[in-house]
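**Student:** Residue numbers (UniProt numbering): 1 to 269. Glycine residues also receive a C-beta, built at the ideal position from the N, C-alpha and C atoms.
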Amino acid sequence: MDVALENFMRLPPMSRTIATFTFVVSAGVVLGMLPAKYFIFHPFYLFRFPPQIWRLATSFLVTSPGIGLLFDTYFLYTYLCQLEVGNPRFPRKEDLIWYLLFVCGTILVTNHLTGFGFMTFLPALILAMAYTVTQEQSGANVNYMFITMPAQMMPYAMLAINLLFPGGAMNLLLQLHGLFAGHLFDFLTKTWPNYGGGRNVLSTPAVLSRLVQSAGSVFEGRFGGLAPRPGGQRLGGGASGGAVGPSANHSGGPLPDSWRTRGAGQRLG
Numbered sequence: 001m002d003v004a005l006e007n008f009m010r011l012p013p014m015s016r017t018i019a020t021f022t023f024v025v026s027a028g029v030v031l032g033m034l035p036a037k038y039f040i041f042h043p044f045y046l047f048r049f050p051p052q053i054w055r056l057a058t059s060f061l062v063t064s065p066g067i068g069l070l071f072d073t074y075f076l077y078t079y080l081c082q083l084e085v086g087n088p089r090f091p092r093k094e095d096l097i098w099y100l101l102f103v104c105g106t107i108l109v110t111n112h113l114t115g116f117g118f119m120t121f122l123p124a125l126i127l128a129m130a131y132t133v134t135q136e137q138s139g140a141n142v143n144y145m146f147i148t149m150p151a152q153m154m155p156y157a158m159l160a161i162n163l164l165f166p167g168g169a170m171n172l173l174l175q176l177h178g179l180f181a182g183h184l185f186d187f188l189t190k191t192w193p194n195y196g197g198g199r200n201v202l203s204t205p206a207v208l209s210r211l212v213q214s215a216g217s218v219f220e221g222r223f224g225g226l227a228p229r230p231g232g233q234r235l236g237g238g239a240s241g242g243a244v245g246p247s248a249n250h251s252g253g254p255l256p257d258s259w260r261t262r263g264a265g266q267r268l269g
């Protein structure tokens with residue numbers, strides 16, 4: 001047990017914490033131990049007193065029922081880990097936190113403006129993270145559904161595969177929210193500043209950096225297990241051209257054979 005706990009604590013801290021919370025809460029909901037009504041999103045609960053603001057976060061941490069409990073948790077951890085460890089666009093913890101806040105906020109606003117009324121958003125968040133990860137893998141190839149494609153096409157393949165499953169059209173619409181959020185973040189932090197002559201309007205706020213650093217100084221020594229991060233620069237600052245994974249072609253694909261029909265998985269490329 002001590003060895004298992006030690007290995008668990010060596011995992012990237014944000015990825016392990018968010019994925020573990022997602023699995024525990026979703027398992028409780030699936031097994032009937034936790035009422036789902038306390039975790040889903042609806043504007044009604046935000047404008048009552050006291051406002052149930054936790055729903056802004058928990059609505060992104062509830063998986064699909066059944067096998068989705070495993071697959072959604074796995075993909076959430078996989079892509080979040082690739083953003084947290086070694087990604088040049090997020091050299092500091094606060095940069096990744098700011099990214100998640102922006103993406104999740106954009107998904108919520110898009111859901112409100114489009115009027116679809118989705119109440120959970122984990123598939124959209126996973127697709128947004130997949131989009132951000134693959135944008136740093138220019139030149140890499142992956143296998144998806146036995147088809148070799150550029151890594152940057154993977155998010156669109158994830159969208160298309162929904163049409164093969166019952167009810168997949170609604171899931172596709174939800175994931176489009178995530179694609180829009182990921183693309184908007186990429187445009188505002190990289191495309192517009194680097195190629196449009198503008199400035200990065202989404203630099204990580206200094207107040208968030210101070211909060212994260214203050215919290216880290218309190219908890220890091222007590223709990224340990226925090227993964228080292230490369231030192232740093234501000235979000236969107238000049239290192240965004242590096243790849244997350246190897247740039248060489250990879251014919252084996254990102255997933256075990258038995259998983260290749262269910263979305264993206266391990267490090268692409």
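Under the rule that 16 or more other beta-carbon atoms within 10 Å means buried, what is I18, buried or exposed?
**Tutor:** As a first step, residue 18 must be located in the sequence shown, where it is residue number 18. With 16 or more Cβ atoms within 10 Å of its Cβ, I18 is classed as buried.
**Student:** Exposed or buried, which one is M129 when buried takes at least 16 other CB atoms within 10 Å?
**Tutor:** As a position in the sequence shown, residue 129 is number 129, starting the count at 1. M129 comes out buried.
**Student:** Between Y99 and F185, how many whole angstroms is the CB-CB distance? I'm expecting something under 8 Å.
**Tutor:** Working through the sequence shown from its first residue, we reach residue 99 at position 99. Working through the sequence shown from its first residue, we reach residue 185 at position 185. The Cβ separation is near 7 Å, so the contact holds.
**Student:** If you follow the beta strand (DSSP E) that V85 is part of, which residue opens it and which one closes it?
**Tutor:** Here residue 85 refers to the residue found at position 85 of the sequence shown. That residue, V85, is in no beta strand (DSSP E); it is neither H nor E in DSSP.
**Student:** Which term fits T134, buried or exposed, when burial requires 16 or more other beta carbons within 10 angstroms of its beta carbon?
**Tutor:** The residue you call residue 134 lines up with position 134 of the sequence shown. Burial call: buried.
**Student:** Tell me the rounded alpha-carbon separation between F146 and A157.
**Tutor:** Counting from one through the sequence shown, the residue named residue 146 turns up at place 146. Counting from one through the sequence shown, the residue named residue 157 turns up at place 157. Each residue's Cα considered, the two are about 12 Å apart.
**Student:** Is DSSP giving residue 295 helix, strand or coil here?
**Tutor:** Nothing about residue 295 can be read from this structure; the chain reaches only from 1 to 269.
**Student:** Y131 and G182 - do their beta-carbons sit closer together than 8 Å?
**Tutor:** By one-based count along the sequence shown, residue 182 stands at place 182. By one-based count along the sequence shown, residue 131 stands at place 131. Cβ distance < 8 Å, so G182 and Y131 count as in contact.
**Student:** Are the CB atoms of L56 and L108 within a distance shorter than 8 Å?
**Tutor:** For the purposes of this step, residue 108 is identified with residue 108 of the sequence shown, where counting begins at 1. For the purposes of this step, residue 56 is identified with residue 56 of the sequence shown, where counting begins at 1. Yes, these two residues count as a Cβ contact at 8 Å.
**Student:** On the premise that I126 lies in contact with D72, defined as a C-beta separation below 8 Å, what is that separation, rounded to the nearest angstrom?
**Tutor:** Taking the first residue of the sequence shown as 1, we reach residue 72 at position 72. Taking the first residue of the sequence shown as 1, we reach residue 126 at position 126. Indeed they touch by this definition, with Cβ atoms about 7 Å apart.
**Student:** Taking all protein chains shown into account, do 16 or more other C-beta atoms lie within 10 angstroms of the C-beta of K93, making it buried, or fewer, making it exposed?
**Tutor:** As a first step, residue 93 must be located in the sequence shown, where it is residue number 93. The residue is buried, with at least 16 neighbouring Cβ atoms inside 10 Å.
**Student:** Which word fits Y195, buried or exposed, when buried means at least 16 other C-beta atoms lie within 10 angstroms of its C-beta?
**Tutor:** As a first step, residue 195 must be located in the sequence shown, where it is residue number 195. Classification for Y195: exposed.
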